[in-house]
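Residue numbers (the UniProt record's numbering): 1 to 504.
Note that the Cβ used here is the ideal one computed from N, Cα and C, for glycine as well.
Some notes on the structure that comes next.
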Amino acid sequence: MVSRSDDGQATAMPAHFFQKLASGVPGVLFTYWLSADGRSHRYPFVSHQVHTLFGVDPAALNENADAVFSVIHPEDADAITASIQQSATTGKPWSYRARLRLADGQYQWFEAHSVPERQADGSTLWYGQFHNIQHYKALEQSLRESEAEFSFQAGFQRLIARLSTEFINLGFGTIDQCIDELLRSIGEFFEVDRAYVYGFSDDYQRMTNTHEWCRAGVPALKDGQQDVVIEHFHWWQEQIEGMVSASRVVFIEDVDRLPATAAAERALLQEQGVSSMFSVPIRVRGRVTGFFGVDSLRQRTWRQDQADLLIIVSGLLSGALERHRLEEELLNQSIRDPLTGLHNRRYLMPRLEELLGRSNRRGEKFALAMFDVDHFKAINDSIGHLGGDYILQRIAAILTSQTRTMDVIARFGGEEFLVVFNALEQTDVPQLVMRILQSVRDEPFVFERQSVPVTLSAGVAGIDEFTATPATPEALIGLADHRLYLAKESGRDCLVDASGTVRI
1 MVSRSDDGQA TAMPAHFFQK LASGVPGVLF TYWLSADGRS HRYPFVSHQV
51 HTLFGVDPAA LNENADAVFS VIHPEDADAI TASIQQSATT GKPWSYRARL
101 RLADGQYQWF EAHSVPERQA DGSTLWYGQF HNIQHYKALE QSLRESEAEF
151 SFQAGFQRLI ARLSTEFINL GFGTIDQCID ELLRSIGEFF EVDRAYVYGF
201 SDDYQRMTNT HEWCRAGVPA LKDGQQDVVI EHFHWWQEQI EGMVSASRVV
251 FIEDVDRLPA TAAAERALLQ EQGVSSMFSV PIRVRGRVTG FFGVDSLRQR
301 TWRQDQADLL IIVSGLLSGA LERHRLEEEL LNQSIRDPLT GLHNRRYLMP
351 RLEELLGRSN RRGEKFALAM FDVDHFKAIN DSIGHLGGDY ILQRIAAILT
401 SQTRTMDVIA RFGGEEFLVV FNALEQTDVP QLVMRILQSV RDEPFVFERQ
451 SVPVTLSAGV AGIDEFTATP ATPEALIGLA DHRLYLAKES GRDCLVDASG
501 TVRI
């Protein structure tokens, strides 16, 4: 080492002087030399802390710098070498952050700063220092994790708020679409492979997959999970009992590690490709009616609060389903006749408007028949109004059994009923109406041990008949009602359509 005396003469400074000076500086002071061809390098000077920190002999580094480079983390080594070469080429200061292996074997972050100086022989000499920044990196990581957690929680709250708004604003009949959207949103947010809802039978012996979302490329299970008998899955039944009695969340961290008592469940889940899963009970009116769940097809680390977050989702589902059931019941009460359970006029008229619209757009055919109980006043007089109610209920049951699910049956008023035969030619309707008349005539009506003969009269009108005038619900019903009157005038127990009177 060289310094200058007061008279300007060069004097040698002992190496231990610089070591003492460097000992008061945090980190490691160094001069690093790299040959012009980049094949050899060494540290002409390096402070003794390099030994304290990394267990590397400073004297050895004076001859060869490889020992320091050997403690660089493998993932950082190539980038450091490239950055040094770039500094040598450009002559710009060199600085870098990398992980270095300490004497105890642990890796910690260090930061280096140095200034290069080109030598006469083309080699480069850097003057600099590097020091431990692990506490800064730890703080940085902590802040990053805190920021990520805040972002996650904020994102989850926004998601729940959006889904809640959708459920609050849903119209009747859209609950399925809202549940499907919830499963998709939750599945993508938590990066799972499946999200689904199952419903239990009343005795908890069967379950059905009612809604399912699957990540792209993941096979769906819904079709094969309908009305599944679970009486032989004893371990799963114990989990259901926990859901029902204590609202417990079922968490399977690793399907392969399920207990021996869950051998059947383990085999089924492995067949479905499930690696881990959560199942959270859904309660409607205080009763567990099913569960909401998510599957992962790969081993993953779940959040510690994962169950709590899924309980929030399940609570949202529970509330939406309970509200939907209540609205459905209220709607049914408003569109169904309380005595017979059939639809009423409030339901019938919009359906007729809908069928007329489809007929105008697509040419779909339909016809309607109006039925009236013959001599109903005499029946009421003979067996009383309760007996009359019984007759109306039995006729409603016959109409339901003799028609299709796609047909519309309504109690039109008093002892009058109306059936809309959907997607049928008008010529096919008389045979169906006659079958109903025959079924009523053959039915043994007995009220309080008194046998009551009952027959119906019917008037039939079809959409095909309206060619000169526009068809409206009122016009169709008016025509059927007129023909019903003609059937009454013709002696009852018959039908009248466009062709005239038809008897059994």
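Residue i - containing beta strand (DSSP E), residue span
i           : result
residue 462 : 456 to 462
residue 116 : 107 to 118
residue 508 : Here the chain comprises residues numbered 1 to 504, so residue 508 is not present and cannot be evaluated.
residue 191 : No beta strand (DSSP E) contains residue 191, which DSSP labels as neither H nor E.
residue 360 : Looking at the DSSP string, residue 360 is not in any beta strand (DSSP E); the run it does join, the alpha helix (DSSP H), is 345 to 362.
residue 422 : 416 to 422
residue 497 : 494 to 497
residue 372 : 366 to 373
residue 29  : 28 to 34
residue 68  : First-last for residue 68: 66 to 69, but that is the alpha helix (DSSP H), not the beta strand (DSSP E).
Inter-residue Cα distance where the pair is residue i and residue j
i           : j           : result
residue 313 : residue 324 : 16 Å
residue 273 : residue 47  : 58 Å
residue 295 : residue 73  : 37 Å
residue 281 : residue 292 : 6 Å
residue 233 : residue 290 : 16 Å
residue 438 : residue 229 : 41 Å
residue 408 : residue 342 : 9 Å
residue 127 : residue 61  : 15 Å
residue 363 : residue 382 : 47 Å
residue 175 : residue 308 : 24 Å
residue 243 : residue 352 : 45 Å
residue 388 : residue 262 : 58 Å
residue 12  : residue 75  : Confidence is the limiting factor: at residue 12 the pLDDT is only 48, short of 50, which leaves the residue's position unreliable, though a coordinate-based value still follows. Distance between the alpha carbons of residue 12 and residue 75 is about 42 Å.
residue 424 : residue 474 : 20 Å
residue 483 : residue 495 : 8 Å
residue 253 : residue 297 : 11 Å
residue 361 : residue 467 : 15 Å
residue 488 : residue 405 : 29 Å
residue 271 : residue 255 : 11 Å
residue 500 : residue 457 : 13 Å
Beta-carbon proximity check, residue i vs residue j, cutoff 9 Å
i           : j           : result
residue 55  : residue 103 : yes
residue 391 : residue 454 : yes
residue 227 : residue 206 : yes
residue 210 : residue 240 : no
residue 123 : residue 34  : yes
residue 421 : residue 366 : yes
residue 67  : residue 57  : yes
residue 275 : residue 304 : no
residue 355 : residue 472 : no
residue 288 : residue 321 : no
7 Å Cβ shell around residue i - same chain, five flanking residues per side excluded
i           : result
residue 435 : 402
residue 344 : 335, 336, 337, 410, 411
residue 481 : 370, 459
residue 137 : 109
residue 91  : 116, 118
residue 502 : 430, 434, 494, 495
Same chain, Cβ closer than 6 Å to residue i, neighbours up to 5 away in sequence not counted
i           : result
residue 479 : 461
residue 265 : 233, 235, 236
residue 249 : 280, 307
Opening and closing residue of the alpha helix (DSSP H) in which residue i lies
i           : result
residue 44  : No alpha helix (DSSP H) holds residue 44; the beta strand (DSSP E) holding it covers 41 to 46.
residue 385 : 376 to 401
residue 427 : No alpha helix (DSSP H) holds residue 427; DSSP gives it neither H nor E.
residue 483 : 473 to 489
residue 59  : 58 to 63
C-beta neighbour in chain C for residue i, strict 9 Å
i          : result
residue 27 : Judged by its chain identifiers, the structure shown contains no chain C, having just a single protein chain.
Other residues of its chain near residue i: CB distance less than 8 Å, five sequence neighbours each side excluded
i           : result
residue 506 : Shown here, the chain extends from 1 to 504; a query on residue 506 therefore has no answer.
residue 183 : 195, 196, 197, 211, 212, 213
residue 452 : 379, 382, 383, 387, 391, 445, 446
Secondary structure, alpha helix (DSSP H): runs of 4+ residues fully inside the segment 215 to 280:
234 to 246, 263 to 271
- Which whole runs of the alpha helix (DSSP H) in the segment 137 to 183 are 4 residues long or more, in chain order? none
In chain order, which beta strand (DSSP E) runs of at least 3 residues are fully inside the segment 284 to 341? 287 to 296
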